[in-house]
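See structure below.
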Amino acid sequence: MEKLSSALPKRLFHGEYHRLPLHEEPRTYTDNSVHRLGGNDRKNWRQVAERVLPWLLVLTFACTTIALLVSSSSEASDSCKERKGWTTDFMPATPAIEHEIVYFSGSPAIAENGSLFIPNPDPVRYIGEPNAEVDKNWDELTWGRYFLITEDEAKSAWGDDVGEFWDEKQGGYVAGIDMFHTLHCVDQIRKLLHAPHYNITISTNTALHRDHCLEQIRQYIMCAGDLTPIPTKFYSGLGRNYVDSDYPHTCRNFQKLHDWVLDRYEGASAVHSTTQGP
Numbered sequence: 203m204e205k206l207s208s209a210l211p212k213r214l215f216h217g218e219y220h221r222l223p224l225h226e227e228p229r230t231y232t233d234n235s236v237h238r239l240g241g242n243d244r245k246n247w248r249q250v251a252e253r254v255l256p257w258l259l260v261l262t263f264a265c266t267t268i269a270l271l272v273s274s275s276s277e278a279s280d281s282c283k284e285r286k287g288w289t290t291d292f293m294p295a296t297p298a299i300e301h302e303i304v305y306f307s308g309s310p311a312i313a314e315n316g317s318l319f320i321p322n323p324d325p326v327r328y329i330g331e332p333n334a335e336v337d338k339n340w341d342e343l344t345w346g347r348y349f350l351i352t353e354d355e356a357k358s359a360w361g362d363d364v365g366e367f368w369d370e371k372q373g374g375y376v377a378g379i380d381m382f383h384t385l386h387c388v389d390q391i392r393k394l395l396h397a398p399h400y401n402i403t404i405s406t407n408t409a410l411h412r413d414h415c416l417e418q419i420r421q422y423i424m425c426a427g428d429l430t431p432i433p434t435k436f437y438s439g440l441g442r443n444y445v446d447s448d449y450p451h452t453c454r455n456f457q458k459l460h461d462w463v464l465d466r467y468e469g470a471s472a473v474h475s476t477t478q479g480p
């Protein structure tokens with residue numbers, strides 16, 4: 203209260219006082235005597251109220267603002283928790299998480315004659331008729347996706363009973379980041395669409411692998427739950443609206459995660475194999 207009073211006009215707390223006669227007791231205002239206040243008394247109270255009210259409003263506004271800031275700060279903190287990684291993420295990789303806005307590409311448009319074309323293709327080619335360039339680009343996306351991890355990392359990720367995950371041939375615990383596993387699945391589906399080019403025979407095992415890949419992609423997309431709204435546009439060549447997915451999305455920086463995986467595979471952070479099992 204001392205800080206508040208020092209900031210207020212002094213006249214607020216120092217009115218004019220008159221010495222009372224010794225035989226007169228100080229006046230007190232009770233519920234029964236308030237109606238006997240004189241005009242000057244009412245005027246003085248009104249002046250005090252006019253001076254105090256603005257400061258009370260300022261104080262109330264300040265308290266409300268502080269409360270809202272604390273609340274919004276807490277909500278912002280909750281919304282940013284994912285930046286440090288989900289509880290199921292491989293914890294050693296989470297420092298590489300960085301978010302960015304990525305404009306998607308590859309959405310088709312419709313010409314006046316009704317034919318489809320890609321106005322904004324990705325500069326790195328992953329689609330189209332198979333050729334050496336496309337194959338190389340896909341190989342670079344998924345190469346080195348499995349790497350060795352320590353026993354402590356294995357237990358942290360999969361629980362204390364990790365004996366079944368020991369790989370004798372590799373001399374350690376082999377792990378992969380699921381994003382790169384899913385990319386591998388997309389590449390396998392791509393190759394199946396061009397089975398003759400890749401000399402793929404659709405055997406029972408091939409069909410099972412295909413179905414696994416489709417299930418993996420389905421679950422991965424549903425798990426991500428991307429809520430980015432994409433519009434539909436009217437094309438006269440089609441006579442109706444058609445989806446346009448070339449819009450910005452909030453993504454984890456892929457290159458940083460890819461660099462982390464490659465470093466873990468063959469860089470300074472790589473875990474070396476050992477002949478000593480669990």
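For the sequence shown, my numbering gives the first residue as 203, with consecutive numbering after it. Positions of the beta carbon are idealized from the N, C-alpha and C atoms, including for glycine.
Alpha helix (DSSP H) segment containing residue i, residue limits
| i | result |
| --- | --- |
| Y422 | 406–426 |
Reference residue i; option with closest CA among the options
| i | options | result |
| --- | --- | --- |
| H451 | F306, W462, A397 | F306 |
| P325 | E335, L318, S317 | E335 |
| A298 | Y348, D465, T476 | D465 |
| R327 | F319, F436, K338 | K338 |
| D354 | I402, V364, R347, T289 | V364 |
| S475 | G469, I391, Y375, L429 | Y375 |
Local conformation of residue i per DSSP, three classes
| i | result |
| --- | --- |
| L459 | helix |
| Y437 | strand |
| W288 | coil |
| T344 | helix |
| Y400 | coil |
| T452 | strand |
| R392 | helix |
| V473 | coil |
| F306 | coil |
| D369 | strand |
| L350 | strand |
| A313 | coil |
| S235 | Reliability of the predicted coordinates at S235 is poor, the pLDDT of 42 falling under 50, and the value obtained from them is presented with this limitation in mind. Of the three classes helix, strand and coil, the one that applies to S235 here is coil, per DSSP. |
Residue span of the beta strand (DSSP E) that contains residue i, given as start and end
| i | result |
| --- | --- |
| A377 | 374–378 |
| N443 | 442–445 |
Cβ separation of residue i and residue j, assumed to be a contact under 8 angstroms, to the nearest whole Å
| i | j | result |
| --- | --- | --- |
| P332 | H396 | 5 angstroms |
| A377 | I351 | 5 angstroms |
| F292 | A472 | Actually they are not in contact, since the Cβ atoms of F292 and A472 sit about 15 angstroms apart, beyond 8 angstroms. |
| H383 | R412 | No, H383 and R412 are not in contact; Cβ-Cβ is about 15 angstroms, not under 8 angstroms. |
Taking contact to mean 3 or more Cβ pairs, one atom from each stretch, closer than 8 angstroms, check whether the region 406–413 and the region 363–377 are in contact. no
Is it the case that the region 308–321 contacts the region 438–458, given that we only count it when at least three CB pairs across the two stretches are under 8 angstroms? yes
Touching by the beta-carbon criterion (3+ pairs, under 8 angstroms), the region 381–388 and the region 415–430: yes
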